[in-house]
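These notes are about the structure you will find just below.
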Amino acid sequence: MDFDFITDEKFRNILTRDFEELQKCIDCKASKSVLILSGSIIEAVLSDYFINFPPPEINSKKVLTMEMAKLIELAFENKLISQSTRDLTTVVKNYRNHIHPGREIRKNESFDFDSALVAKSLLNIILKEIKENYIKNVGHTATDIISKLENDSISQPLFEKLINKLHKSEKVKLYNLLVEYDLQEVNFPSQLNEPKKYISTLKPQVDRSVVTGQLMKLVNKIEKGEKWEVMTYYYLLFEDINYLDENNIEIILLYIINALAESTRNSDELQRYVNKTLFANLGLYLITDDIKKEFLNLCCKIVTNYKSKEEYIYFNAYDQLINSISQDKKEKVKEYILTTLSTYYTDKFYKGYSDGDYLPF
């Protein structure tokens, strides 16, 4: 079952996990577990729906206090589920309470695997009906917008108008889809060009926690992923790394600075990073001794690996880097470079360099 209509990623992951566990319980005919899990998933999905689309005079706090029976009645009253589906919910409402063994003895209730299968079938019906109503309520979906962008490059003002019509939950999905778009190792017939410009427009309309969640994926990619994935994430998200704590900022910056230092040996790779302005904000986060040390090392690498035939690339990298720090620090960095490196390197580099824009002609 695809729970893509659930907004909250953590909640969606929990439901996916529980649904997979439910299937395993069916395979081994664990009737009681099937009944309990089916009821739990139904209750969770109904709660999520009414939090996103609250009926009149019912707020999210009240939804969270509702028992399953009340949620089912509310779903029927709002035409979220049909009469026949509502009638079938008795099997789940009654048997879910078997989580309490005392009730099973006291009420002299019994159940079998057939009852469990009814509960699973009911869950499938309710999930289908909720998803259909969800899509009907939100109008445009995140995937609709992605498809539009892939097949028809649109202006920023038009993009703003489109996302203003999206439900908040779809904005979250769209943000995540845009961030992860270039990480998909799939060749599409139509390709979305430059997702970042759309991400920047959408970002103010999603909660900070959504952005932080993607930043933590960047940290995870540094620990487990490939370099191209890390650099892609960083390019899309570097303006917001201040959302993270110092430890995670340090993890990101140490990796990125070292990757940029390596790129100074290859002018093509260096130009890609210069074009993406990846050097431009590093000086804003000189928060630990290790970051400061690697920052200085990167400055030195640009100077020592400088190629006069492609000087504008190296000058641009250095310019982005040095202009991300204050004037007094600029002077200290230059002094460090001059005292650390041989005059063979510094004379060649600084002979051509001066603050400003550098063009390939």
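For the numbering used here, count along the sequence shown from 1 and bump the result up by 1436.
Even for Gly, the Cβ is constructed at its ideal location relative to N, Cα and C.
Quick check: is the beta carbon of residue i nearer than 9 Å to any beta carbon in chain E?
{"i": "Y1789", "result": "The structure shown has no chain E; it contains just one protein chain."}
Could you please give the first and the last residue of the uninterrupted alpha helix (DSSP H) stretch that includes residue i?
{"i": "A1511", "result": "M1504 to E1513"}
{"i": "A1697", "result": "E1682 to S1699"}
{"i": "N1711", "result": "S1703 to N1711"}
{"i": "K1745", "result": "Here K1745 belongs to no alpha helix (DSSP H), and DSSP marks it neither H nor E."}
{"i": "C1736", "result": "D1725 to T1740"}
{"i": "C1461", "result": "E1445 to D1463"}
{"i": "E1771", "result": "Q1763 to T1776"}
{"i": "Y1789", "result": "Unbroken run through Y1789: none, as it is neither H nor E."}
{"i": "D1523", "result": "Q1519 to L1524"}
Would you report the Cα separation of residue i and residue j, rounded to the nearest angstrom?
{"i": "N1514", "j": "D1643", "result": "28 Å"}
{"i": "K1632", "j": "L1614", "result": "8 Å"}
{"i": "N1733", "j": "F1455", "result": "51 Å"}
{"i": "R1542", "j": "Y1669", "result": "With a pLDDT of 49 at R1542, under the threshold of 50, the modelled position of this residue cannot be trusted, and the question is left open."}
{"i": "L1795", "j": "G1661", "result": "Here L1795 scores only 49 on pLDDT, less than 50, and its place in the model should not be relied on; the value that follows carries that caveat. Taking the straight line from one Cα to the other gives about 34 Å."}
{"i": "V1470", "j": "L1458", "result": "6 Å"}
{"i": "D1676", "j": "L1654", "result": "12 Å"}
{"i": "D1580", "j": "K1572", "result": "13 Å"}
{"i": "E1767", "j": "N1587", "result": "49 Å"}
{"i": "E1630", "j": "K1663", "result": "19 Å"}
{"i": "T1810", "j": "A1695", "result": "Since the first residue shown for the chain is 1437 and the last is 1797, residue 1810 is missing from the structure and cannot be characterised."}
{"i": "D1783", "j": "E1746", "result": "16 Å"}
Does the separation of the CB atoms of residue i and residue j fall below 9 Å?
{"i": "I1658", "j": "I1685", "result": "no"}
{"i": "I1462", "j": "K1556", "result": "yes"}
{"i": "H1576", "j": "E1606", "result": "yes"}
{"i": "V1528", "j": "I1478", "result": "yes"}
{"i": "I1749", "j": "L1706", "result": "yes"}
{"i": "L1524", "j": "V1554", "result": "yes"}
{"i": "Y1570", "j": "N1488", "result": "yes"}
{"i": "Y1611", "j": "I1635", "result": "yes"}
{"i": "A1716", "j": "S1760", "result": "yes"}
{"i": "L1651", "j": "Y1691", "result": "no"}
{"i": "Y1781", "j": "T1724", "result": "no"}
{"i": "I1693", "j": "I1738", "result": "no"}
{"i": "S1474", "j": "L1559", "result": "yes"}
{"i": "K1465", "j": "F1549", "result": "yes"}
{"i": "T1521", "j": "I1472", "result": "no"}
Quick one, which of the options has its alpha-carbon nearest residue i's?
{"i": "A1511", "options": "C1736, K1567, T1637 and K1765", "result": "K1567"}
{"i": "I1582", "options": "E1616, I1562, Y1570 and S1476", "result": "E1616"}
{"i": "A1578", "options": "N1569, L1598, I1738 and D1588", "result": "L1598"}
{"i": "K1639", "options": "E1503, L1654 and L1673", "result": "L1673"}
{"i": "Y1709", "options": "F1751, K1745, N1678 and N1683", "result": "F1751"}
{"i": "V1647", "options": "F1439, E1445 and D1440", "result": "E1445"}
{"i": "G1649", "options": "V1608, A1695 and S1699", "result": "V1608"}
{"i": "L1714", "options": "D1704, A1753 and E1730", "result": "A1753"}
{"i": "D1484", "options": "K1465, M1504 and S1467", "result": "M1504"}
{"i": "K1743", "options": "L1482, N1702 and L1585", "result": "N1702"}
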